[in-house]
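J.: One structure, as structure tokens, below. Some questions next.
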Amino acid sequence: MTTIPFQPNQYPLEPGMRLLEASAGTGKTYSLAHLVLRLLTEKGCPINKILVISFTKATASEIKARISSRLVLALKGLESYTPKSLASCTDQVMNEWLESKVIDESTRLQWASLLIKALENIDSADITTIHGFCSRNLKREAIDVGNNIETEALSEEDNKELILEIIHEYWREEVLSLAPSQVKGLQNAGISIDCLVNSLIKIDNNPSIELKKIHQEIKHNESLSRQFNGWIQNCWDDFVLEWGEGGMQLEEDFRLQSLSWKKMGIENIRPFSIKPRRKRAIELTAWINEQTNKNEKTSSDRSPDYFSIRSNLLIKDYFHPIKIYEIERRNKLPISSLLKPKLQTSIADLCDKPSEMVLEHALIWSHEKLIQRRNQKGVVSYADQLKALDPGKTSNFKASSEFLLERLREKYKVVLVDEFQDTDPVQWRIINQAFSKSKEHFLLMVGDPKQSIYKFRGGDLTTYLIARKKAERIDSLLTNYRSAPKLMKGLNTLLNAGLKYSKLEAPPLISASKENILFSKSGTAPIEIIDIKGVTPTPTSFNDDLPSKALVEENIPVIVTNTILDLLQNHSDELNPHDICVLVSRHEQAENIRKSLEKANLPSRLVSKGDVLDSQTAKNVQLFLECLAHPTNTSIIKLLACSSLMQWDINKINACEQNGEIDEVIIRCVDWANRLQNIGLIGCLSELLGSKNLAMLSKQGRMLGDLQQCADLVQEAIHIKGLDALGAARWLSQQRSFSRDPTPESRRPNSDIAEKAINVITIHRSKGLQYKVVICPYLWQSPPLPNGPLWCIKNSNEWLISLNTGWGGSRNILEAAINESIEESERLAYVALTRAQKKLIIIWSMASRQENNPLLNLLFGKESHEYNRQELTQETMIKWLNSTNGTIKIHTIEALEELRVWKRSGKNIPLKIGPSPKRLLDKSWGRHSYSAWLATKNGHHDFLQNPKAIEEGKDTAQDEVSSKESSLNIHTGLSIDPYEQSPLAIFPRGPLAGDCLHRILQRIDFKIPANSLETTGLIDEELKKSGIDESLNNNIQEALGRLLSIPLGSSLGNFQLNQLNTNQRISELSFDLSLSINGQPITSSDIAEIFKINPDHRFGGEYSELLQELNISSRGFLTGSIDLVFIDKDDPEDARWWVTDWKSNWIGDRYQERQIFNCSPIHYVDKAMECQMKMHHYPLQAHLYLVALHRYLSWRLDNYDPLRHLGGYAYIFIRGIPSLKENKEQYYQHGTPGLFIEEAPLDRVLALDKLLKGGT
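For the sequence shown, this note's numbering assigns the number 30 to the initial residue and increments by one for each residue that follows.
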């Protein structure tokens, strides 16, 4: 049928079925809005009698907005209408309408009233998607047709969640019930959770195609485990029978076929050969015999397992019939019949049929379960809504579709269908049956077949063409409002040959854009074609002098980046980064382009349904959560350390185990795991990163924004599901394992919303958008080959399940799918080329096996399919495009360009610093602890500290002290060590080991023997948690036995810790004490003066000098945690109270190469412990603990008297406690090794308490 140029004010509005074809950029939404205006006024059709259907919610919203603005503009024109005022209206079409249609005053007032009423009801008008249209009308008529009035539409996202749930259930209950080797075989065949999910989504979303039972031997109501082995056995028996009859001859037939191909001049016939070096038939026969003999001895099944079958490369990669087809297709040969039909079919069945049967079983089971679950939940999918109105199918609901269609005819008098090229067969059946046959309805379909690119969503160009034939009239929009005139002229030249494969014409358009081409400088052209040269062909190519697709694609990101740099540098006054758009085919290409732009310091954003959980940042968050879940796995900790979150270099990684930094990270991970619920994942990450790493991340493009978004998503799951670190790690891993289509809004990268950045977008997502400059770098590629396992048979309403479609009777299905893919690729190219407003850049390259690319016909003309490869030169391209009068420019770029870096142009503004503060900032106020004070020691190495340890004032540094000269002579004067090795001599050292021992001592019951089952189990638990060898359990038991039973001596006499019950001790007594209330900061000198009091007690004047090396100046709060507080009698009011601190410091003798020489109680004698006390300022810690205990008792203990109740401090060096036998022998006469016990120097403690309170 001949098309008619669309005239907006003369277009007939009488009932009938019509089609309006709108090429890209021709203003179809504007035209629709104007037609609605005319229908409301000229025909007096109320807004509630007009149905407008579009493809997406976004386009429906845009149409509603355009209609509203059009009605408002018309209303203003009607209200102020006079013949003289027409010139003031900027809209020519509106002016013409007012001038030609408003014939008198009464018409003007009547139409203004109609428009006011329409605007009042515009929000309730049916301007919606096809699914919204179905949902609304099903609810409206629910009572009359017996439908559930409470039924809700299930969003695509929620529907996919339900599908994921069902597929996981099937996989767990059915697939994993098979033997592991069978599951492995299925996975080898490509059967996976992802495969099942994607296949079920495809089936569920397309109501026009049904999944029917193909293999009659499948019992769909019976479990998979009871059938699968039988399926393999049947395939195996058929194969063995056929192979025995013709296997040897089949190999000879392959050789003869190879000879025939060689005579035809075909070089690449792999895997076949005219002189094969191997006797493959003999090898396969031997394998068959081996499998048969093995299974007769070991199994009741005569067949091998499925993985063994799939792993046999002779079956899969040589004798499988698909191999001959691949050669014939690759070399464009006529498709031959099978050489040995029965045998080759049995080979294919053995390899593929079990997997195909599992797929059928899985999909039918899952689809039935999906329908059942939706019914139980009272929800319907989008496809369910279409089925309910489908007149060509039996509805799944009680609603009568014919009754519904009649009610639709009564409700609507005008139906406008936008984006009609994306309509599927069911949608068309509903529209066709309801409105096209009526003589009382105005049905207008608006679309562009050249932009039919959503086949994966069910869009069907065939449906459009069928409807086109039925249309009573076809009009075309031929004026383009997007592209500049010269650019439009160049596009008309490119598209002059039409879309060859789709058999669609591209009519030349006239540009009505007021824009000029972007650049007025000489030598520029609105369309630029970049011809890539210099890519070296791959040596493995057979009879092919072209480079591979992969080799060419490697060069694209750099070429695109440098091209953009040239644009920005040469035309900085006309162009900003956000004016540029790079169109890609796949998300992987988009990511490669973005990485290249980032290296060049160019801002970019992905305008796509990208998923933040697919980003590298999400992998880093996953790694961090794994560290929290498994903090003792040093391999994961090291991966975290070298990630972008911590950024340790190789030298620091290598040294971390020696200097203890890796242990500090481990302890922090343990602490973060414990505090995850309280401070959240963001809080943990903030403590990990610190200000320095945060600043560095802020310079790495999107990373910081993605980190915040990923953490928010995980934190929400932690909050809703109550997850711990392990649960959060598993949740994130599961979310990252399965792609979401569509991507939930919450998971679309917020970093992609950046303004003033180069747009990188897939062609599918670009439809409806426009940019000043468009770059198309990948249109030289052929579309990828379609893959199964689910295939749609053309002109049929059934799905086909096939792993290797392409041979035998099903080969036509693959050919049809390939042709459809090629056709859609050129329609995608049309969409890409027509996004440009001012400049279009196309990258072209010849590459191996890319002859089906969509550019060939556009760049080389209608006869390009008749050219051989040597004729597809730049000269041929220039000849075809010669008549463009400078609108198209072709130039060559050599591959392997170096990436350049963008430098913003602009004025050099001198940098200035802000005003300096006129007073010193007070750094003394804050939260302080013993550890924080110790860190001020001059020359102290600032190790990474555990925040909780710092907060509680714990001593986490478990140093070792050793000397090349034996400690015996230094501290005891003995020449021989009389003690046995400490049971903890070989126990690991470092803060992680110390923390493990502390937790054990915190949890055990002192009155229960150390070798009891309860204590042993507790020790095992803590060793596992810390990642320490569990064989050391006995060593810890022995050390605990010594510790709990040794008499403490000194003022405590024969008192033993195993005498303490739970009401006589307090573990981990935390405290917060005020510092210097209304006074001056406390300084090191102030504290040193305090230690000069009670000179008869230890650590007096001499130690006070050591305190001067600390740089303390503090106000605010002192915080800490005492390992143990105990009383030495049963009655708290009669007992003395003692503070205890566990010390796991390793002291011993070692020689070269860090070889341990000795670690025994002799190394923990009084003098050695005193050295340790001074070295780590333990006296300061002990006195602070005594002050805390003094205040605690003054608040809690009735009749508290420090002279009577305050006992002192006991520092217990766990590794140095001797056995009871050794203690009785009294090898060392000056106290018990490992026990450093002192009574409280009361005057000193009270003075320190006063100092902390008052500051002076």
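Glycine included, each C-beta is placed from N, C-alpha and C at the ideal position.
State the DSSP-derived secondary structure class of G1237, mapped to helix, strand or coil.
T.: In the structure shown, G1237 sits in a strand (DSSP, three-state: E or B).
J.: For T565 and H616, I'd like the C-alpha separation in whole angstroms.
T.: Each residue's alpha carbon lies about 26 angstroms from the other.
J.: Contact check, V789 vs I622 under 8 angstroms by CB: the rounded distance?
T.: Correct: roughly 5 angstroms between the Cβ atoms.
J.: Give the DSSP-derived three-state secondary structure of Y800 in the structure shown.
T.: Y800 falls in the strand class under three-state DSSP.
J.: Which whole-angstrom value is the C-beta distance of L761 and L718, which I expect to be below 8 angstroms?
T.: Not quite, the Cβ-Cβ distance comes to about 18 angstroms (not below 8 angstroms), so this is no contact.
J.: Please classify F426 as buried or exposed, where buried requires at least 16 other C-beta atoms within 10 Å of its C-beta.
T.: In this prediction, F426 scores a pLDDT of 41, lower than 50, which makes its location untrustworthy; the coordinate-derived value is nonetheless stated afterwards. It counts as buried.
J.: For G476, is the classification buried or exposed, using 16 other Cβ atoms within 10 angstroms of its Cβ as the cut-off for buried?
T.: So G476 counts as buried.
J.: Return the chain-ordered ranges of every beta strand (DSSP E) run that is complete within the segment 1129 to 1153 and spans a minimum of 3 residues.
T.: Fully enclosed beta strand (DSSP E) runs of 3 or longer: not present.
J.: How would you label M293, buried or exposed, when you count the other beta carbons within 10 angstroms and need 16 or more for buried?
T.: Flag for M293 reads exposed.
J.: So what does DSSP say about W677, is it helix, strand or coil?
T.: W677 falls in the coil class under three-state DSSP.
J.: Do you know how far the Cα of A51 is from the Cα of F35?
T.: Cα to Cα, F35 sits roughly 9 angstroms from A51.
J.: Would T158 pass as a contact of I82 if the rule is Cβ separation under 8 angstroms?
T.: It is a contact, given that the beta carbons lie within the stated cut-off.
J.: Check for me: the alpha helix (DSSP H) holding S1041 runs from which residue to which?
T.: Here S1041 belongs to no alpha helix (DSSP H), and DSSP marks it neither H nor E.
J.: Leaving out five residues before and five after K983 in sequence, what residues of the same chain have Cβ atoms less than 7 angstroms from its Cβ?
T.: Residue confidence for K983 is low, a pLDDT of 45 falling below 50, so the modelled location carries little weight; the figure read from the coordinates is stated next. Only S960, S1150 meet the Cβ criterion.
J.: At what residue ranges does the segment 136 to 175 contain a whole run of the beta strand (DSSP E), taking only runs of 3 or more?
T.: The qualifying runs are 155 to 158.
J.: Starting from the N-terminal side, write out each stretch of the alpha helix (DSSP H) that is 4 residues or longer and does not extend beyond the segment 373 to 455.
T.: Qualifying alpha helix (DSSP H) stretches, in chain order: 411 to 418, 430 to 440.
J.: Any chance the segment 1149 to 1164 sits against the segment 1246 to 1265, with 3 or more Cβ pairs inside 8 angstroms?
T.: No: fewer than three Cβ pairs fall under 8 angstroms.
J.: Please check the pair P1012 and N1064, which I expect to be a contact at CB under 8 angstroms, by giving their CB distance rounded to whole angstroms.
T.: Correct: roughly 4 angstroms between the Cβ atoms.
J.: By a C-beta neighbour count over all protein chains shown, 10 Å radius and 16 as the cutoff for buried, is V694 buried or exposed?
T.: The residue in question, V694, is buried, as its Cβ has 16 or more Cβ neighbours within 10 Å.
J.: F432: buried (16+ other C-beta within 10 angstroms of its C-beta) or exposed?
T.: Exposed, by the Cβ-count rule.
J.: For the pair the segment 218 to 226 and the segment 346 to 357, tell me if three or more CB-CB distances fall below 8 angstroms.
T.: At 8 angstroms Cβ cutoff, the stretches do not touch.
J.: Is it buried or exposed, L279, if we count other Cβ atoms within 10 angstroms and call 16 or more buried?
T.: The residue in question, L279, is buried, as its Cβ has 16 or more Cβ neighbours within 10 Å.
J.: Thinking Y1229 and L1222 are a contact (beta carbons under 8 angstroms), I'd like their distance in whole angstroms, please.
T.: The Cβ separation is near 5 angstroms, so the contact holds.
J.: Under the three-state reduction of DSSP, which class applies to A513: helix, strand or coil?
T.: Coil at A513, not helix or strand.
J.: Can you tell me whether V226 is helix, strand or coil according to DSSP?
T.: Three-state DSSP puts V226 in a helix.
J.: Below 8 angstroms CB to CB, which residues in the same chain sit around I1241 once its five sequence neighbours on both sides are set aside?
T.: The answer, listed in chain order, is L1072, T1169, D1170, W1171, K1172, G1263, L1264, F1265.
J.: Can you check DSSP and say which residues form a bridge with C685?
T.: According to DSSP, C685 bridges with nothing at all.
J.: Considering only the alpha carbon of each residue, which of G1078, G1245, S395, I482 lies closest to N1187?
T.: Checking every option, the nearest Cα to that of N1187 belongs to G1245.
J.: Alpha carbon to alpha carbon, how far is E1050 from S210?
T.: Using only the alpha carbons, I get a separation of about 35 angstroms.
J.: Can you list, in chain order, the residues of its chain with a C-beta nearer than 8 angstroms to that of G1070? Leave out the 5 residues immediately preceding and following it.
T.: Contacts found: P1038, A1039, N1040.
J.: Considering only DSSP beta bridges, list what G45 is partnered with.
T.: F471.
J.: Am I right that S811 and N882 are in contact with their C-beta atoms under 8 angstroms? What's the rounded C-beta distance?
T.: With a Cβ gap of about 5 angstroms, S811 and N882 count as contacting.
J.: To the nearest angstrom, how far is it from the Cα of E246 to the Cα of P75?
T.: Answer to the nearest angstrom: the Cα atoms are 59 angstroms apart.
J.: I'd like to know if A1211 contacts chain C, where contact means its C-beta is closer than 8 angstroms to some C-beta of that chain.
T.: Absent here is chain C; the protein component of the structure consists of one chain.
J.: Using a Cβ-Cβ cutoff of less than 8 angstroms, which residues in the same chain neighbour F162 once the five nearest sequence positions on both sides are dropped?
T.: Closer than 8 angstroms at Cβ, skipping near neighbours: L80, I82, D155.
J.: Taking contact to mean at least 3 C-beta pairs separated by less than 8 angstroms, is the segment 358 to 370 in contact with the segment 300 to 312?
T.: Judged by Cβ distances under 8 angstroms, the segment 358 to 370 makes no contact with the segment 300 to 312, as fewer than three pairs qualify.
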